[in-house]
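The structure appears below as C-alpha cells.
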C-alpha cells in the first residue's frame, strides 16, 4: 500500500512540474511580446529590415495594417496637363490666331519724379485682375507644346485659347505671379536668362524654377546672357542658344525646345542657329496675335505694359486686329 501511494505521488509531482513549466513559458512569452510592442514607437523599426520600407511609409495605428503610404509630392508639370480640360469647349483649327501675352515683372514701381509706373512692372493687383478676367470669361491657357501642335499639326484647341509668357526670369514671377496663377488654375511660361539664375537676387533661383515647373509653369530659354542676337556672330549666337537650352534641360530633366529672342531681335543667322541648337518654335517681342502665317520660328506676342488700362487689356485679347 505504501508503494502505491509513493507511485501516485510521483505521478502527481511530474504532472504538476509539467503544468508549472507550461505556465512559466506562457507567462514569459506573453510579457516578452508585450514589452517588445511597448518599446516599438515606429512600425518601420520592425518592418523596414524585412521589407525595405523607407520614410515614404508611416505606421497606421488605427487599423490592423502596420503601415500606410506617406502622401507623395504632387506635381502638375506642363507636359502632364491633360486635354480633358478642353472638354465641352468649342475647338478650332490652325486657321485661327492665338493671343500670346508677354509680361516681364509682376511688381509695382513708381517713378518718384514723374509719378508714373515702370511700364515693365505690372502691379500684382493688376495682374490678378487680368488673370481673373481670363478665368471668368472662358479663356483657356495653353502650353507652348499645345500651341506648337496646333500650328504645326493642326491639333485643335479651344476657341478662346491664350498663352501667358513672362520674360527674363525675375524673382517676382515666383513671389507675386505664381500664387495668382496657382489660385486661378492657369498655366504660363517663363523665358529664362540662364546666366542670371542663382547669381542675382532680383532673378529666380534654381530651386524656385523647379518649384514653378512642378506647379504647372513651363520654363524655357531666353538665351544665356540676353544679348541682341542680330549683332552677334553666328558661333556666338549658337552658344547663347545652346548653352541656355542645355542648362534648363539638366536642371529640370525636360526638353527645352522654345526660345524667346531677347528684345525680339534676330537675323537669318539667328533662325539657323536656333534650329541647330534644337529649338522648334521661337517668339518675338511685339506684334498682333500669333498664327502660322509668319512661320513657327517667328511667332508674335502682345506686350503687356503697366501703363495700359484694363480696357486696353480686354481689347488686345478679344480683338485680333487691336
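Numbering (the working numbering), first residue to last: 73 to 394.
The C-beta atom is built at its ideal place from N, Cα and C for all residues, glycine as well.
Which residues in the same chain as residue i place their Cβ atom closer than 7 Å to its Cβ, once the five residues preceding and following it in sequence are excluded?
i	result
residue 245	178, 238, 262 and 276
residue 285	149, 291 and 324
residue 250	284, 287 and 289
residue 384	none
residue 278	269, 270 and 323
In whole angstroms, what is the alpha-carbon distance linking residue i and residue j?
i	j	result
residue 158	residue 229	7 Å
residue 313	residue 350	9 Å
residue 175	residue 283	20 Å
residue 264	residue 193	17 Å
residue 39	residue 216	The displayed coordinates of the chain run from 73 to 394. Any statement about residue 39 would go beyond what the structure contains.
residue 274	residue 240	10 Å
residue 379	residue 371	24 Å
residue 348	residue 154	30 Å
residue 140	residue 377	With a pLDDT of only 45 at residue 140, under 50, the local geometry of the prediction cannot be trusted, and the value read off the model is given with reservation. About 51 Å.
residue 201	residue 180	14 Å
residue 389	residue 375	11 Å
residue 382	residue 394	14 Å
residue 243	residue 156	32 Å
residue 299	residue 340	16 Å
residue 293	residue 311	13 Å
Just to confirm before moving on: does the CB-CB distance between residue i and residue j stay below 8 Å?
i	j	result
residue 404	residue 222	No answer is possible for residue 404: the residues shown for the chain start at 73 and end at 394.
residue 267	residue 297	yes
residue 320	residue 332	no
residue 316	residue 342	no
residue 345	residue 354	no
residue 151	residue 326	yes
residue 248	residue 196	yes
Sorted by chain position, which residues of the same chain lie with C-beta nearer than 6 Å to residue i's C-beta, five sequence neighbours on each side aside?
i	result
residue 172	235, 362 and 373
residue 210	232
residue 352	329
residue 281	291
residue 160	none
Output needed for residue i: all residues of its chain with C-beta closer than 8 Å, excluding positions within five of it in sequence on either side, in chain order.
i	result
residue 170	214, 219, 222, 229, 233, 234, 235, 361, 362 and 363
residue 182	188, 189 and 190
residue 163	228, 229, 230 and 231
residue 259	150, 153, 213, 214, 215, 236, 253, 288, 289 and 290
residue 368	220, 223, 224, 352, 353 and 354
residue 365	none
residue 392	169, 171, 360 and 361
Any C-beta of chain B sitting closer than 8 Å to the C-beta of residue i?
i	result
residue 288	Annotation note: the requested chain B is absent from the structure, which comprises a single protein chain.
* Pairing CB atoms from the stretch 304-312 with CB atoms from the stretch 276-290, are three or more of them under 8 Å? -> no
* Flag this pair as touching only if the stretch 330-342 and the stretch 197-211 have three or more C-beta atom pairs under 8 Å; answer yes or no. => no
* Asked: Does the stretch 179-194 come close enough to the stretch 250-264 that 3 or more CB-CB pairs lie under 8 Å?
  -> no
* Jot down the residue ranges of each uninterrupted beta strand (DSSP E) in the stretch 199-282, minimum 3 residues, whole runs only, in chain order. => 233-240 and 260-264
* To do: Entirely within the stretch 297-352 and at least 4 residues each: give me those alpha helix (DSSP H) ranges in chain order.
  => 306-324 and 340-349
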